[in-house]
Amino acid sequence: MEPDSEEDGVSGARSRGEAGVIRVLDELVRNQIAAGEVIERPASVVKELVENAVDAGARRVRVDLEEGGLRLVRVTDDGTGMGAPDLARAFAPHATSKLRDAADLDHIASLGFRGEALASIGSVARCAIFSRREDEELGGRVENEGGRLTDPAEAGGPCGTSVEVRDLFFNTPARRRFLKRPSTELARCTDVLQRAALGQLGIGFVLTHDGARVLDVEPEMDLRARVRRAFGADLAESLEQVDARDGTTVLTGLVAPPRFARRDASRQMWFLNGRTLRDRVLVRCLKDAYRGWVLDGRQPVAFLHLAMDPGAVDVNVHPAKAEVRFRDQRRLFGFLVNALREAASRTEMATPGASMLASAAGRGERGAPGQGAITDPGPLPRGSGAAEPLVVREVAGAPPIVDLPGRREEAAPTLAEGGDDLAGPYLTIASTYVARAVPDGFELVDQHALHERVTYEELLADARAGAVEVQGYLVPELVELSAAEVDLLARHAGDLARIGIQLEPFGATTVAVGGVPARLRRPDPAELVRVALGVLESRREAPAAEDLLEDVLHSAACRSSAMAGDDLDPAEIRSLLERARAFDGAPTCPHGRPTRVRFTLADLERAFGRR
Ligand code: ADP
Ligand code: MG
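Position one of the sequence shown corresponds to residue 33 (the working numbering), numbered consecutively onward.
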């Protein structure tokens, strides 16, 4: 009997109560539902196919796209290839060569294992696979058009595999509507390929779009060379190496100076045993490692490989396998933050002036006397896109500020060195910047940013020593808040007192502020309370007291040192510079803006055409 004929349908079946209403979905619908989890857009197709190529032991992987991958994604590899029996099964759901039983899930070393990708892609696009094993004369070809599968047919071609995916979502219009313009889809595909190229050292990758080459990485290139290909020489030459180990866990990779931090995380890459992942815990590690050095909301740039015993991490928690679960997360977190902060602290934090001189020179009047030599492209440092790294020759007795690639150990920060007595004269520009000579050139100081840094570091030192000086109010300042906010502050009143913010509830919706840190310039109690609340609320887990102190001091210092526009006399400038000497390792304000820009004599000589 046919319970679901057109006329009576499901309700008819229900009214008769015979056949029931639960049906087993047919295979195509099942695959399309699975595709909904794994395949969202061309970039997800690229990701799955590239992972298959890597799992197949490819040395070279080539990806060709048309119209941002909307019309065509083709991934070609020189890996093991598939024989006819495997080819016949490749598009079947839950068909995989990488997993035998549930026990294997505990130690997955391949990128794929769910056996879902090809079945999913085949159910929502027009696909074809050509594949040939090395030990066979001929290869084979199968097609799958939205779930309609052909039998493998013999076909000629090179060893390896080529998978073609055309017209993604041609048979699921609702999904197709969520796709973006080709340029947007291309950007996402490029991101996938960049991550693959930086994650799979030893494998070469080529990406083309509508016939033009977008990315090209040779198998033998190391990580730094790959970064240079993907993101340019300026970034590649500024990176510092990370090399750390904790038991069997090994962290290697490259971290960038804080000034490269971006609003998006496109240049922050984590790889776990070769697998690309976007894990919240790891993102948080980098954020903590760069604390105080990058602007709020910016993401540090880093390319990091984590090698761990596959048994110490569960990768089977997310269909696209982007998130994982670490067995001993606390220990891992501490290890990573320490190693990363140490490496980040070795990066060049002072903004090199040399790159600015090139653009300043470019602003000179055309044809003005003396400008000819400056605009001559020959010996000048070029802008950030240049293939050649900036090179600064050493001047007798003084180390260079811009590092020579590979000779970083000789390039110590210059400011604390002997010979700089901090004596003026100072030239104040726009009541904000101070210019002064240093032994090997000159520097510009943003007095506001430097004051923020100094206040922050001094407050932090006071707090750590338990000796924050408090300025008490004769009459407490009352700040009105919500009951929940008052409650939150009350629970952290002890921690706040340690950093000099003294407050107590004053009725259900008011706090009374009795004192604030004396070091703050023009403190505004209501503002301080809001800053503290902001920090407490932004932390999902209860913050460690130490973290809370740092964050509050950080914000409070920045908001209260309103010095840009204030005229400082030479004695005040000198005292600021002297206090700053203690923190020369990190010449940025606590929000990550530069506090100083330095120009060496070599920079000047080059700018004036003397060398
Ligand atoms: P999974 O990668 O999770 O095993 P897929 O659906 O992506 O599942 O692939 C199914 C199977 O097809 C793989 O297990 C593998 O045996 C085979 N396969 C897919 N792509 C390739 C390739 N490029 N080279 C060789 N074999 C492949
Ligand atoms: Mg796969």
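Positions of the beta carbon are idealized from the N, C-alpha and C atoms, including for glycine.
Report yes if the C-beta distance between residue i and residue j is below 8 angstroms; otherwise report no.
i	j	result
V502	P549	yes
N84	A149	yes
R165	T128	no
L119	V77	no
A160	E196	yes
S514	T541	yes
L74	L57	For the sequence presented, residue 74 should be read as Pro rather than Leu. Cβ atoms of P74 and L57: not closer than 8 angstroms.
A66	S194	no
L608	L482	yes
M340	L309	no
R530	A497	no
G326	A293	Residue 326 is actually Val in this sequence, not Gly. Yes. Within cutoff.
L239	L247	yes
C221	G89	no
A321	A376	yes
R551	E489	no
M114	A124	no
L476	Y465	yes
V249	G264	no
D311	V347	no
R359	A371	no
V82	V107	yes
May I ask whether a heavy atom of the ligand ADP can be found less than 7 angstroms away from the beta carbon of residue i?
i	result
D278	no
G366	no
A88	yes
G111	yes
E50	no
F116	Per the sequence presented here, residue 116 reads as Ala, with Phe not at that position. The answer is no for A116.
A66	no
T182	no
G189	no
R146	yes
K79	no
A262	no
A122	yes
A135	no
A127	yes
A151	yes
T193	yes
K212	no
K319	no
Regarding residue i and the ligand MG, is the C-beta to nearest heavy atom distance less than 7 angstroms?
i	result
N305	no
If you compare alpha carbons, which of the options is closest to residue i?
i	options	result
Y505	V545, A90, L459	V545
R92	L364, V563, L225, L560	L225
D478	E489, D472, R628	R628
R198	G178, V470, L492, M340	G178
D87	D519, H480, G144, F123	G144
Q273	V326, A495, G285	G285
P328	P537, D583, E380, E637	Going by the sequence as given, residue 328 is Asp instead of Pro. Of the listed residues, the one whose Cα sits closest to D328 is D583.
H586	I605, A603, L560, R611	L560
G68	R208, L459, L368	R208
A229	E98, E512, A499, M301	M301
L283	R312, G366, T464, G324	G366
D133	R146, P125, K319, F123	R146
A157	E72, A276, I461, A634	E72
S142	A116, E610, E80, E168	E80
E509	G547, V466, E98	G547
S463	V313, L318, D601	D601
S155	R359, E250, E59, F162	E59
T487	F474, E169, R611	R611
F631	L492, Q232, V470, F335	V470
G656	E604, S570, R307, L104	The question about residue 656 has no answer, for the chain in this structure spans 33 to 643.
P214	A276, Y458, V105, A268	V105
Can you tell me which residues form a DSSP beta bridge with residue i?
i	result
P549	V502
D334	The sequence shown places Ala at residue 334, rather than the Asp named in the question. DSSP output for A334 lists V287, Q300 as bridge partner(s).
A160	E175, E196
E475	R468, R630
P537	V543
G236	R92
Q273	L286
* Asked: Residues with a Cβ closer than 5 angstroms to any heavy atom of the ligand MG, in chain order?
  -> N84, G144, A149
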